[in-house]
Structures are given as structure tokens and as C-alpha cells.
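Have a look at the structure below, then the notes.
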Amino acid sequence: MNTKLGALALVTFAFATLMFAQAGEPKHGGILRIYHRETPPSLSIHEEATFSVNTPAMGLYNNLVVYDQHKPQNSMGTIVPELADSWSASSDNLALTFRLHQGVKWHDGQPFTSKDVKCTFDLLQGKAKDKFRKNPRKDLFNNIVEVTTNGDFEVTLHLKRPQPSLIAMLASGYTPVYPCHVSPAQMRTNPIGTGPFKFVEFKQNESIKLAKNENYWKKGLPYLDGIEFTIISNRATAVLAFVAGKVDMTFPTEMTKALIADIKKQDATAICEIGPINVSTNLIVNRENPPFNNVEVRKAMALALDRKAFIDIIYQGAGDVGGTMLPPPEGVWGMPAELLKMIPGYGDVQKDREQARAIMTKLGYGSNNPLKIKVSTRNLASYRDPAVVLIDQLKTIYIDAELDPVESSQWFAKVARNDYSVGLNLTGNGIDDPDQAFYENYACGSERNYTHYCNKELEALFDKQSVETEVEKRKKMVWDIDKKLQEDVARPILMHARSGTCWKPYVKNMTIMSNSAYNGYRYEDVWLDK
Amino acid sequence: MSIIDLPVETETADRPESVWSKIRYHLGAHPLGSIGAAIMAVFVFCAVFADFISAYSPTATDATVRLLHPGAGHVLGTDQMGRDIFSRIIYGARISLAVGLGSTLLGSLFGVALGLTSGYVGGWVDLVIQRIIDVLQSVPLLVLALVMAAALGPALDNTIVAISIPLIPYTARVIRSNTLALREQPFVEAARAVGMSEFRIAVRHVLPNTIAPLIVIATAQLGASILTEASLSFLGLGVPEPHPSWGRMLSESAAEYVRTAPWLVIFPGVAISLAVFGTNLFGDALRDILDPRLRD
Amino acid sequence: MTLERCGALWGRAAYFRREARVGTYIIRRFFLMLLTLFGISLLIFTMLRLVPGNIADIVFNAAGMIDVAEKAKLEKELGLDRPIPVQYVEWVSGLARGDLGYSYVSEKPAIDEILPRIPITAKLAGLALLFAVTFGVPLGVISAVKQNTTLDYVLRVISLSGLSLPSFWLGLLILMAFVAYFGAIPIYTNPPKGFWNTLWLFSIPAMAVGFRSSALIMRLTRSSMLEVLRQDYIRTARAKGAPARTVNYRHALRNALLPVVTVIGIEAAFLMGGLIVTETVFNIPGVARFLVEAIRWRDYPIVQNLVMFVAVVAVSINFLIDLLYAVLDPRIRYAS
């Protein structure tokens, strides 16, 4: 009797364990359907600067190293090998050597070798025969003197000076490895990578289709048969499509708090997450022309900003106040709250505005004699809405602003020729890293330094923090720089948005990055429980 | 006593009442038209006296009153930025009226100029202008307005110009055919015989007789231009912030809240529909009164 | 030769003169049509060049930077640095050869981008017109026959509302209603397979677009019918004792429908506006929505050729209708 019972128990237990294991076991097959918010300009990641490209294209490629796709907070500690099995730095930190995985093939069957890595960096630095049509991140790699190969499976990056952040840039979704044998022009329309998904088709304004790479070098992956992005530019239609089950997932980071509440009402089983996306809404201020060439006027404007109101109105409270670096806890380098409060404009709004009004009165302005300016911005809702709030807030300090919406095609040209007073801008940071944030946006002569802010002292500090290997020490340096930038009204940061993504419960293994919107789309181990 | 001395009091006695009784008669004979006129009057009133009717500023954002249901304090609710929708609709009447009237007037002006010249001068001038009219009519209304708006940039006056261009052809056609007919009338011959310049004849004698159909066309085009402005704003062009345009209230940001806060989407749409409906009703009645031959 | 014979010969010659007049009429109209198309090509070409920014601006804007040297290179590559008249001649001569150029955005032949999208919009437009005629004509006839009754007023109000509602608003409301009451949504995410699927997917947006056209057609049918019903020959038919049905349908309707047919041709051009916004709301990947996108991208080859295509269709329809008129209605032939 006991033995029979025991045997039955054992069998049941074994069966249950098997079932349990099966339930967690990824299923192969199925096509993940995501809606895309707009037609991406191309699928060549190196030539573009919007995550409209990273989201569909990241699955096509591999990097040397990459951020762990299942750890939401990207940091030095979450960098894992991809095409590089291992890497090491020379003792003086001036050479970074990568040992590459063997047996990797490009989508067209060609073998992947160290030459491809060299080609990628040559293209990025403009040293190759073929050129990228656009090279937005060229300056990020100025520190690389040259790239040498040692056989087919070892490559070394030689640097001018030590740069701990370099590996972070390599891990970014923005830094895939490109093949030598495919031209940049072809990479725009028919990209070839080593990644888990192959390019099938890109119908402008319609869809982007990726299919499983049967010969992916990570055996058993990907689980999905393919990914389909349907382009739906009308957000109301897109949300309705998700609720009705026509797509499995919303475009990452497009869902606002209100939309998520709406989705949950219609489909309680949907999984939704809101988090920071490391896109800051900020003001670019023209320091060379009146009226903001006057430091007092700049200061007054900085004091007038009610950041909480911005967050409440635009993001229904889903946002954070901070400086240039994404604020903690999701941001690794953001200033702590106590430090923030000490910056003018980040404290008590009423008191600050009184101070601002005093400044403006001294300059001769008043409610009967306001300062008339134009707030320029791109003619898109995500830019216009904060601009409207800004205009409303500037009224409190005797500034009568008018909205100047600029067609996207004209925006950068207009900014480049200084044809604006203050502009409302969105800055997306590819990685949560001070080197990227500071050099790209505040270094003298940088392409993306729209305001031509040039502070040699601060730049020396940029360089100082860039070589610092000890993280805590570096954080303090970064905070110091960040505080100085805000006090100098270099580019007033209004808010760091929090945005959401929703997906159906049968989409498994989906992780949304918490401090970047550009790095989490490899999707190689996402599976559908259907 | 000769017949000439007979008094003519009967005529003068009637005259002070004739205009009013004429209007009263038409109001009764065309109930739909009267409703249309009333609707239009309401919108014009709102546009002119917007400052007095609306309790709030249409552009004042307030985070504390976002997305309120229609109710006390905010008759039609508030939008996602805390702006009062009723005020935005009232001020929006100004924008719609400005764009509608502006583009219709501009379109009519050019239409009349082209039609009159074409019909009166004739010859190769007529042929060329007719081709221009053909061309303008062959490109779909919204496409033409879209490209024009894109060319000129988002601004109120640019939108007016952009919408006025596709309205020119129809006016020009009608004025031209009327001019052609009037040109052969004896009074034109007579004026020529007296030595009046062609220009004077065209402007002082032919033109006034073509105005009647113009009024009818203009009221129909008023509705069309309001709708075109709404479509342009919906597509991202048209009148920019912070002018409250009914069309833009329906696009992008508001469309997100189509289920959580449907009043954001319903009321501006009703405003547009009502305004256009009113102008159409009024235009129909006007057509019946002034020129039965022009019925559609 | 007797006088009678002269008369007969004169009559014979007149017959040939009439035929020749029809011939000249057709040839003249054809030549004018070509002239109109030429005018349209000039118009769209110049207007596009007036729009600030070109593909190079857009492409670099997407990357968040302007590299002046690279931009100049791109413009040279695409031929945008050449003088405008030269660009125009190149485009038109390409058109004549059947070479529509390459899309600036997708770098594929423009015809490969435009052609597959046309059937989709054609289906939508066709269904919309079908809906418009099926509802518009009968309702217009009823409204005319029952003039000034309550039914007439109700129908007139409904048709007027069709002309007053913004079509994108209507589309949005329809979508909302569908999701609220049926849970399903007629949105295009993949090409529909099979006849019934296609019908289901396209009929709702077609109704949103067609509502406006049906209103127009209803009003025109009504007024045209009213016009005809007042004619003497109708009164004669009635006086002769013909039943109302025969009078209305055999005599009146046939003549009333002539101007309606003209309008359908003109409506084709107006339809485009409704198609643009409806395709956006219902996410249908047709040429109308593609046109808006191409304008945003300043993709000149696509915009120019697409607008020409739409214009050719509209102008040809009008030309055919003119022809039809000339054959059917002798007054036109003599007038020219």
C-alpha cells in the first residue's frame, strides 16, 4: 500500500515538475507584432539618431559588447559579451583588445572577421573609402587613434587617452558592427547584420518585417519566427489596434499615463510599464543675440520655470526633475535631490518668480511693458505642448512669448544660423553616460551643441571626469559639472519624461530599459506563449 | 386736371415697410434657411464677443484641472493641459470665421478678377485664364491646400492664402459665364457708344450684375473652407498654437483621449459641423431666393 | 438639277459637316486636356520647390545635425543642385519615356512605390462612390418627388449634415463606436485575403468617405429631378394620363441623371481630400496617405508623379464625360 502511494506520489511529483518546467520553457515560433509610430528614415543605425530606427533595427545586428538585455538599468556592470567573447585593457588603458567569437556569419553567408570591426570604426571616423551619408556620433569616437587587427578574431582599439566610458559607448544600441562587404548605401535600404533577425522588407509608411535568422550563431535563438512592425502614425488608432489585439505590443515608450489607464480599463490582462526613457525636455537659449545674451534675462527665465507644473501637465506627473544627467534612482549619474534644490530655479517657485520679476523690473520690463520674444520649436505635438506651457509660465515674469513652430526640415538649419531666441528641444541620450551627455551637447564645436555654449574651464573638467576610473569619485565630479551647467543656464532642463510600453501577457521575456530608450531591442530571447 | 398731377402717395406709403416685410416673408418661406442664418449669427456673435462670453482664457494652462468632465465651473470640460474647452471653442469661432471669411473673400476677389477679365476681354486672354482655372480645379482641393500650406509654413495668414487658392476656380467660372452673357447686352453697346472706357464698363456696369450669384457661391465656400482648415490642422498644418483652432483640437494630442475624455473630441467636432451646417442651410436658402437657376 | 435635288445634296453635306464638327470638338477638347495637364505639371513642380527644405534637409534633420558638405553632396547626387528649369525638363521628359525616377526616401523606383498602393485606394474610392450613388440617387429622387413634405425636409437635413461633418471626425467616431460595441476594429494591419475580408475591411472607411459624396449626389439628383419635373414634356405626359411611376422614372429620371453623371466626375477630384484623412484614421496604406507622407519627406519624384497621376485620372474622366455629352446632347456640338 505504502509503496503504491509512494510511487503515485513520485510520479505525480515528477509530472508536476515537468509541467512546471514546461510552463516556463520558451516556445519557438510566432510573429511578434508591434506598432511603429512613424516611418524610420532608414534602417542603418549608424546613420540615424532616433530610436524610431533602433527599435526595428537593433534585432538585425550585434555589437562587440552589449548591455544585458534583461537588466533594466544600463551601467558598466551590466555590459556583457556579444561578438567579443572577452576583452582586456592594456596596463596604461590606452589599448582595448577584443577577442572575437568564431563561426559567426553575416546574413548573406559571409563570415564575420575582425576586418569587419575595423571597417565599422573606419566608417565611423570617416577614414574609410565609402562614407556614411550622415554620421551623428562621429565625435564620440574621437578618442580612437586607430583600430588594428591581429588575425581574424582579435581586434584592438588604440586610444589617445584612457576613457572608461568608451566601452559603454560600444555597448550602446547605437554601435552595431557593420560588414566590410556591404556599402553604407545598401545598409540603408537592405541591411545585412549578424543579428538574430534578418531583414525582409521595409515598406515606407506601411510596415517593417524581420524574419528569424536560421543561422544565428547563438544556437537555439531567436525563439520568434519574425517581428512585424506596422506603421500607425495616428496614436488613437494605434491604441485601439492594441486593445483590439491587432498588435501584440505598443511602440516602446509611446504610452502616456492616461493611455495606459485607458488600456488597462479595456484589457486588464495587458502588462504595462512606465519608466524613464532618458529623453529630457530642455530649452536651447541663444546666448549670442538679444535678449538672452544678457545674463540677467537668462537668469530670470531660469527662475521662472515651474518644473513640477510641466511634469503634471505634459506627463500627468510621470516625470522627474533633474539636471543634464538622468536623475536617480534609474539614472546612474544624476544629481541627488539635496544638490538640486540649491540650484536657482529648482527651489520654491513663488519665491524664485518674485526674484525673477525683480530682475525684469530692474531691466525696465513690467506687465504693461513685457519683453516680446518668440519660442521656437519643431512643429510636432511632443515639442509644441511643452512650448505652450512654457509660454504660459513666462507670462508670470513679464515675458510675452509667441509660438514659432518650425517645420522639421528647417529646424536644425534655423538653429544653426542662430535664428531664434529660445527654443524648446528634446534631447535623447543614447546611453546614461556623462561622456556622451557632456561632449555631445556642451563641448565647444560639437555638432549637437546647438547653443554654441563654450566654457573652456568646464571642458577641462569634462576631460578630468572622463579619465577617472573610480566610479564614486567620478560621480562627484559629474555632479559638480552638472550643477555648474545648470547655474550657467547653459541649457535649462525642464524635465525627464517617464513613458510607458504595454504588451499582451503572452509576450514573454520582454524587458524595458529604465535609463535609456536606445538600447533594449535585440529581442533575441523574447517568446510568445501562444 | 391732367393725369400727371395725380398723387403718388400709394408708393411712398408702402416703402418704409417693404424691406422688413420682405425679410419676414423670406424667413417664413424658408424655415431651414432661417435656422441657418440663426446658427451663423450665433457663431458671429461668439467670435465678436468672445472676451465677454468666455470665463477663462483659451490658452491658460492649469495642471490642477486637467481633463475635467463637463460640469459646473467648466461647462464643456477641460483638455489635457487644463484649458477650458468652452472658451477654446468660443475663441475658435474667431479663428474659423477668420480663416473661412478670409479665404472666401480672397478666393472670391481673385475669382471675380479672373472671371471678369476672362469673360470680358475674351480671345487668347480668355483661353489662358481658362486653362489656369482648369489647372486649379484639377488638383484636388486638399492636396493643393496641403502643398500650399507646407510651402508657406504654419501661420494664420498663410493658412488663409493656402485655402483661398483652390476656391478661385469655381467663382471664376461662374463670373466668366455671367460676364459672357452680359457682354452682349444692349446697355454695354450703349455705354461703348457714349465713349466709356472698356475698363469702366466692365467694372461699373457688368460687375454689379454678377455679384448676386457670387454671394451664393461664397456662402457655400465658407463651409468648405472651414472644413478644409479643420483637415489641414488635423494633418499637422494649418493654424498653429496657441490659436485655438477647432480642427487642431481634434488632432494628435486630443485624439489620444478619445476614450478617456471623449468630450475633447466631441465638442470641437460638433462646433465645426454646426458652423458648416449653418452656412450651408443659409446658402441654400439664399440660392433659392436670389437665383433659382443656380440651384446646384 | 431640280431644286429638290439641290436641297437633298445640301442636306447630305450638312450631315458630313455635323460629323466633322463632332470630330473637331473631340480634337479640340483633347488638345485642351493636354494643355491642362501641362499646366498642372508646372503648378505642382513650382509649388513643391517653394516648400522650404528638401529631402537633404529632412534626411539630416532626422540625424539631429547638418553636415553642410555631405548635404551638398546629397543634393548633387539627386540632381537638386541643377537650375530649376533643367530639373523640370528632366522630369517631364522622363515622364514621356515612362521613367518616373527614384524615390528619394526608399531609393527604389518611384513606380514601384506608387503602383502597388493604387489598387488599395481605388478599392476604397470605388466602394465610396458605389455607396454614394446607391444611397444618393434613390434618396434624391424620393426627395424630389415628395418635394416639401416632411420626408423631403428630413432627407435634406441629413444630406446637409453629410456635407458638414469633417470626414476624419466621422471616421474617428466610427472607430470608437466599433471598439466600444463590437470589440473588433476595421483597421488595416495586413493585406486582407479573400473577397469578404476585403469587403469588411474597406466598407466602413468607404462609408466614412462616401457619406459626403452621397450627400452631394443626393442634392444634385434632387434639384436636377425637380428641374426636369417642371418641364413641359412631363406635364404633357401627365396630361396624357401616364401613370406617375412611368412619368417619374421613364421620362424624368433618365434626363435628370445626365448632370449627375457629370458631377460624379468632378466628385472624383473632391474625393481625394476625404480619402487622405480617412486613410490616415483607418491606417489604410493607400496612395492618398502616401502622398501626405511624401510631401512631409519632400520626396519630389513621388509627390510630382502621384499628383500628375491623380490629375490625369480626374482630367480623363472629365474628358470622357465631355465626350459622352457631345455624343448624347446635340446642343453642345452645335454650340462649339
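If you read the sequences in order, they're chains A, B and C. Here the first sequence stands for residues 671 to 1200, numbered as in my numbering. Here the second sequence stands for residues 30 to 325, numbered as in my numbering. Here the third sequence stands for residues 6 to 341, numbered as in my numbering. Beta carbons: idealized from backbone N, C-alpha and C, even for Gly.
Asked: Chain B contact residues for Pro1075 of chain A, given Cβ-Cβ distances below 9 angstroms; Found: Gly182, Pro183, Ala184, Pro269 and Glu270
Asked: Beta-carbon gap between Leu1073 of chain A and Val1045 of chain A smaller than 8 angstroms; Found: yes
Asked: Contacting residues, own chain, Cβ-Cβ under 7 angstroms from Ile984 of chain A (five flanking each side not counted); Found: Asp1055, Pro1056 and Val1059
Asked: When A:Gly1017, A:Leu840, A:Tyr1068 and A:Ile814 are compared against Arg977 of chain A, the one with the closest alpha-carbon; Found: A:Gly1017
Asked: Partner residues on chain B for Arg1054 of chain A, Cβ-Cβ distance less than 7 angstroms; Found: Glu270
Asked: Backbone secondary structure at Asp108 of chain B - three-state DSSP; Found: coil
Asked: Contacts of Ile63 of chain C in chain A (Cβ-Cβ under 9 angstroms); Found: Pro711, Ser1078 and Ser1079
Asked: Residues from the region 292-303 of chain B in contact with chain C, defined by Cβ distance under 7 angstroms; Found: Val294, Gly298, Ile301 and Ser302
Asked: Simplified DSSP assignment, three categories, for Ser756 of chain A; Found: strand
Asked: CB contact flag (Ile71 of chain C, Phe1082 of chain A, <8 angstroms); Found: yes
Asked: Contact with chain B by Ala931 of chain A, beta-carbon distance below 8 angstroms; Found: yes
Asked: Ala68 of chain C at chain A interface by Cβ criterion, 8 angstroms; Found: yes
Asked: Cys1172 of chain A, DSSP secondary structure in three states; Found: strand
Asked: Chain A contact for Thr188 of chain B (CB, 8 angstroms cutoff); Found: no
Asked: DSSP three-state assignment for Glu943 of chain A, whether helix, strand or coil; Found: strand
Asked: For Gly915 of chain A, the nearest candidate out of A:Tyr1193, A:Asn1185, A:Tyr1191 and A:Cys1172 (CA to CA); Found: A:Cys1172
Asked: C-beta neighbour in chain B for Asp1089 of chain A, strict 8 angstroms; Found: no
Asked: Where Glu1127 of chain A sits in the DSSP three-state scheme; Found: helix
Asked: 8 angstroms Cβ cutoff, Tyr339 of chain C in contact with chain B; Found: Because Tyr339 of chain C carries a pLDDT of 48, less than 50, the predicted location of this residue cannot be relied on, and no value is offered for it.
Asked: Three-state class that DSSP yields for Pro237 of chain B in the structure shown; Found: helix
Asked: Proximity to Gln874 of chain A [Cα-Cα], best of C:Trp201, C:Phe324 and C:Asp304; Found: C:Asp304
Asked: Enclosing alpha helix (DSSP H) for Gly298 of chain B [first to last residue]; Found: Trp292 to Leu319
Asked: Cβ-based burial, His851 of chain A [other Cβ within 10 Å; buried from 16]; Found: exposed
Asked: Residue from B:Leu293, B:Gly144 and B:Leu315 with nearest C-alpha to Asn207 of chain B; Found: B:Gly144
Asked: Residue ranges of each alpha helix (DSSP H) within the region 796-868 of chain A, 4 or longer; Found: 836-841 and 854-859
Asked: Three-way DSSP call (helix, strand, coil) for Tyr737 of chain A in this model; Found: strand
Asked: Residue burial classification, Ser841 of chain A (beta-carbon count within 10 angstroms, cutoff 16); Found: A quick correction: the sequence has Ala, not Ser, at residue 841 of chain A. It counts as buried.
Asked: For Trp1197 of chain A, the residue or residues it bridges with in DSSP; Found: A:Lys1178
Asked: Residue span of the alpha helix (DSSP H) that contains Ser18 of chain B, given as start and end; Found: Lying before the first or after the last residue shown, residue 18 of chain B is absent from chain B, which here runs from 30 to 325.
Asked: Chain C contact for Leu256 of chain B (CB, 8 angstroms cutoff); Found: yes
Asked: Segment limits, beta strand (DSSP E) that includes Ala1071 of chain A; Found: Ile1069 to Val1076
Asked: Neighbour list for Ala92 of chain B in chain A, Cβ cutoff strictly below 7 angstroms; Found: Ala979, Asp982 and Ile983
Asked: Closest residue to Gly44 of chain C among B:Leu165, B:Gly111, B:Val203 and B:Ile192 (Cα-Cα distance); Found: B:Leu165
Asked: Top-ranked residue by Cα proximity to Leu1128 of chain A, from A:Ile1101, A:Glu1117, A:Gln1156 and A:Leu996; Found: A:Gln1156
Asked: Complete runs of the beta strand (DSSP E) confined to the region 1076-1126 of chain A [at least 3 residues]; Found: 1092-1098
Asked: Residue closest to Phe802 of chain A, alpha-carbon to alpha-carbon, out of A:Asp778, A:Phe782 and A:Gln856; Found: A:Gln856
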